[in-house]
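J.:
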Amino acid sequence: MEIFGLSGVVGLLILCCPLIAIVAIVGYLISVYNGLVKLKVLVEEAWSGIDVQLKRRYDLIPNLVETVKGYAKHEKKLFEKVTELRTSAMKAQSPEEKGRLENELSGTLKTLFAVAENYPELKANENFMKLQDELSVIEEEIQSARRYYNGSVRDFNTKIQVFPNNLIAGMLGFKAREFFEAEEEAKKAVKVDFSDDEKAEETK
């Protein structure tokens, strides 16, 4: 009886081992999946934070352009450039594309403020100063949101690239996310050719 009992236990263990292994594997897959979903949600929430700040800047730009126009009407090319980049950036879908256009837009706005230095009355305009301060605050918020987003993307991308998560992520359709980069060139003012505007001004 004892031998039979021992054999029965051994047999039961042999039968249970595959089941235990399957349960362990499924549990691990669920754990990895839930971890990836949480990181993905953090990335999406971080992107929403960037989007909110970018929309604030998009809303401010038309008022800024109109204010500057009142004092520097012949800077037509610059106004067109700012408006064009704003429209393109608003339509951009991917973080990479939006990042590139936002960098260009930031540089062009720096050019706009550099041009404003030539108009003392504009610099002293209360609305212009208010818009300049608001834009400065928004830019800081964008940079803060950018850092948080890129940190979230880094964590997510690292998670799906390490073994064996990379195999699981591939099977479940998780893909690396794009960073929202700030290029060094974006810190510089963009050079805009005003020659045509100057010629038009001279012919008046």
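Under numbering that gives the first Met the number 0, the first residue of the sequence shown carries the number 0, and numbering increases by one thereafter.
Ideal Cβ positions, reconstructed from N, Cα and C, are used throughout, including at glycine.
1) According to DSSP, is Thr202 helix, strand or coil?
2) Sort Thr157, Glu125 and Arg85 by Cα distance to Leu104 and report the nearest one.
3) Which of the three DSSP states is assigned to Pro61 in this structure?
4) Just how far apart, CA to CA, sit Ala113 and His73?
5) Considering only their Cβ atoms, is the gap separating Val81 from Thr107 smaller than 7 Å?
6) What residues in its chain sit with their C-beta under 7 Å from that of Tyr57, if we drop five residues either side in the sequence?
7) Taking Tyr147 as part of the alpha helix (DSSP H), name the residues at either end of that continuous run.
8) Between which two residues does the alpha helix (DSSP H) harbouring Ala91 extend?
9) For Lys72, which of helix, strand or coil comes out of DSSP?
T.: Answer, in terms of the structure:
1) Residue confidence is low: Thr202 scores 44 on pLDDT, short of 50, so the model does not pin down where it sits. Its coordinate-derived value is still stated next. The answer is helix: DSSP assigns Thr202 an H, G or I state.
2) Arg85
3) helix
4) 15 Å
5) yes
6) Arg85 and Met89
7) Glu125 to Gln160
8) From DSSP, Ala91 is part of no alpha helix (DSSP H); its letter is neither H nor E.
9) coil
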